[in-house]
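Participant:
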Amino acid sequence: MRDRLLAAPVVPTPEPWRRVAFEPVGGLLGIGFASHPDSGRDLVMVVSHDGHGLFDAVTGEKIARDRDPDPVDSTPDAVADLSCPGLGPVAGSRVRIAGLFGGGLHTTTEDGWTLEVVAPAWPNERVLLSGDGGLPHPGPHGERWWHIFHSNYSELRAAGFSPSGRTIAVATSSDLSLWTTEVASH
Numbered sequence: 029m030r031d032r033l034l035a036a037p038v039v040p041t042p043e044p045w046r047r048v049a050f051e052p053v054g055g056l057l058g059i060g061f062a063s064h065p066d067s068g069r070d071l072v073m074v075v076s077h078d079g080h081g082l083f084d085a086v087t088g089e090k091i092a093r094d095r096d097p098d099p100v101d102s103t104p105d106a107v108a109d110l111s112c113p114g115l116g117p118v119a120g121s122r123v124r125i126a127g128l129f130g131g132g133l134h135t136t137t138e139d140g141w142t143l144e145v146v147a148p149a150w151p152n153e154r155v156l157l158s159g160d161g162g163l164p165h166p167g168p169h170g171e172r173w174w175h176i177f178h179s180n181y182s183e184l185r186a187a188g189f190s191p192s193g194r195t196i197a198v199a200t201s202s203d204l205s206l207w208t209t210e211v212a213s214h
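Numbering (the working numbering), first residue to last: 29 to 214.
(1) Any idea which residues DSSP pairs Ser-63 with across the strands?
(2) Any idea what DSSP makes of Leu-33, helix, strand or coil?
(3) What does the alpha-carbon distance come out to for the pair His-165 and Arg-172?
(4) DSSP on Asp-94, reduced to helix/strand/coil?
(5) Apply the 10 Å Cβ neighbour rule to Gly-54 and answer buried if 16 or more other Cβ atoms are within range, or exposed otherwise.
(6) Can you confirm whether the stretch 140-156 touches the stretch 105-117 when touching is taken to mean that 3 or more C-beta pairs between the two stretches lie within less than 8 Å?
(7) Less than 6 Å between C-beta atoms, sequence neighbours within five positions excluded: which residues of the same chain meet that for Ser-190?
(8) Given a cut-off of 7 Å, decide if Trp-174 and Val-74 are closer than it, judged by their beta-carbon atoms.
(9) What span of residues does the beta strand (DSSP E) with Thr-195 cover, start to end?
(10) Are the CB atoms of Val-100 and Phe-83 nearer to each other than 7 Å?
(11) Can you tell me which of Phe-129, Phe-177 and Leu-184 puts its alpha carbon nearest to the alpha carbon of Leu-34?
(12) Does the stretch 146-155 come within contact of the stretch 115-135, defined as at least 3 CB pairs closer than 8 Å?
(13) On the criterion of 16 or more Cβ atoms from any shown chain inside 10 Å, does Pro-117 qualify as buried, or is it exposed?
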């Protein structure tokens, strides 16, 4: 199994997934999902040493930024439920954050997708997407499972699906990657 995972190159995600963002975020601590109150779209909140940011998961666009959040709860370890105050369209709510301080994101979707983090050459972690229920993958790489991200340059913080199952987010200590199944409308 280890040799099979090591031999699998990073490949693009299969349909219906499409990559919408690869954003540098220095000092990234964690990420969490919220839903846009008007459109129901997935939003991704990023918590870093440089503040908080909110991204539209369909377009990858940064829609809100707080460079100087309240130090009392600016990092998710400040409260028991690992949350931070929302910003922009989700101001007034709290967003649970997964990353350096713990927590987690969804690893499966209702329509059968699975996301796994493996480390056959630790400490370099790989993110696998599958439509076959997860390890061990019976089918060939690129047909039923895909190596979609390789964290060989920064520490992996979190990887998972949004609660809606329409977004995949992968966060490292230096960047955020997003994939979606939704089509952007203007």
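All C-beta atoms, glycine included, are put in the ideal place defined by N, C-alpha and C.
Facilitator: On the basis of the coordinates in this document:
(1) By one-based count along the sequence shown, residue 63 stands at place 35. According to DSSP, Ser-63 bridges with Asp-70.
(2) Position 5 of the sequence shown, counted from the first residue, corresponds to residue 33. Helix at Leu-33.
(3) Position 137 of the sequence shown holds residue 165. Position 144 of the sequence shown holds residue 172. Cα to Cα, His-165 sits roughly 8 Å from Arg-172.
(4) For the purposes of this step, residue 94 is identified with residue 66 of the sequence shown, where counting begins at 1. Three-state result, Asp-94: strand.
(5) Translated into the one-based positions of the sequence shown, residue 54 becomes position 26. Counting Cβ neighbours within 10 Å, Gly-54 comes out exposed, since fewer than 16 surround it.
(6) no
(7) For this step, residue 190 is matched to residue 162 along the sequence shown. Answer for Ser-190: Phe-61 and Asp-70, listed in chain order.
(8) By one-based count along the sequence shown, residue 74 stands at place 46. By one-based count along the sequence shown, residue 174 stands at place 146. No, these two residues do not count as a Cβ contact at 7 Å.
(9) Here residue 195 corresponds to residue number 167 of the sequence shown, with the count starting at 1. Segment 195-200, the beta strand (DSSP E) holding Thr-195.
(10) Here residue 100 refers to the residue found at position 72 of the sequence shown. Here residue 83 refers to the residue found at position 55 of the sequence shown. No; because the gap between Cβ atoms is not below 7 Å, this pair is not in contact.
(11) Taking the first residue of the sequence shown as 1, we reach residue 34 at position 6. Nearest C-alpha to Leu-34: Phe-177.
(12) no
(13) Position 89 of the sequence shown, counted from the first residue, corresponds to residue 117. Buried, because 16 or more other Cβ atoms sit within 10 Å of the Cβ of Pro-117.
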